[in-house]
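Undergrad:
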Amino acid sequence: MSSSQGIQSQRAPEPVGAYPHAKRAGNFVFLSGVGPRTRGRAEIPGVDPFDFETQCRACFENVKLVVADAGLAWSSVVDVTVFLTNMKRDFDLYNRIYAEVFAGTGNPNPTRTTIEVGSLPTPIAVEVKAVCFAE
39 MSSSQGIQSQ RAPEPVGAYP HAKRAGNFVF LSGVGPRTRG RAEIPGVDPF
89 DFETQCRACF ENVKLVVADA GLAWSSVVDV TVFLTNMKRD FDLYNRIYAE
139 VFAGTGNPNP TRTTIEVGSL PTPIAVEVKA VCFAE
């Protein structure tokens, strides 16, 4: 069995539970779900008033911080799972933003799964989880 190492970002928002931002296991880095929160702030971007685009972009900025703080390039992201609280309303916009944030990495876009959920741990409409491959 291989050992694993927890990764805590000093720039990404604090986790809302007892878990690390990410965990390295061999050549893989698994990120915990990342929402649109801001480190050290109580208010959440795009919640009041509701703005899905702001929430979505904040999620990806936070994911980028965790990936960078793990010592990895953005192009190391190989798989993304996204949780949406309203697939019908938000999927098309999420799809466009996803294409933007992964454009120009020099690699094909990561594989992806999108799941609709009834709610998330805080009053947010989107959460992103990612897996990276560290060569």
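Quick note on our numbering: the sequence shown kicks off at 39 and runs consecutively.
In this text, a Cβ means the ideal position worked out from N, Cα and C, and glycines have one as well.
Look at the Cβ atom of Val-155, then the Cβ atom of Phe-98, and state whether they are nearer than 8 Å.
TA: Your numbering for residue 155 matches position 117 in the sequence shown. Your numbering for residue 98 matches position 60 in the sequence shown. Their beta carbons are not under 8 Å apart, which means Val-155 does not touch Phe-98 by this criterion.
Undergrad: So Ala-106 is in the alpha helix (DSSP H); what residue range does that whole segment cover?
TA: The residue given as residue 106 occupies position 68 in the sequence shown. Run containing Ala-106: 90-107, per the alpha helix (DSSP H) assignment.
Undergrad: Can you tell me whether Val-155 is helix, strand or coil according to DSSP?
TA: Position 117 of the sequence shown, counting from 1, holds the residue named residue 155. Reduced to three states, the DSSP call for Val-155 is coil.
Undergrad: Please return the same chain residues whose Cβ sits closer than 6 Å to the Cβ of Val-104, not counting the five positions on each side in sequence.
TA: Counting from 1 along the sequence shown, the entry for residue 104 is found at position 66. Closer than 6 Å at Cβ, skipping near neighbours: Ser-47, Ala-50, His-59, Ala-60 and Leu-69.
Undergrad: Taking Cβ to Cβ, would you say Ile-135 is nearer than 8 Å to Cys-94?
TA: One-based indexing of the sequence shown puts residue 135 at position 97. One-based indexing of the sequence shown puts residue 94 at position 56. Going by C-beta atoms, Ile-135 is nearer than 8 Å to Cys-94.
Undergrad: Going by C-alpha distance, which of Ser-157, Asp-128, Phe-66 and Gly-55 is nearest Ala-168?
TA: Stepping through the sequence shown from its first residue, residue 168 is reached at position 130. Per the Cα distances, Phe-66.
Undergrad: Starting from the C-beta of Val-85, find all residues in its chain whose C-beta is less than 6 Å away, skip the five residues before and the five after it, and write them out in chain order.
TA: Along the sequence shown, read from residue 1 onward, the residue named residue 85 stands at position 47. Result list for Val-85: Pro-161, in chain order.
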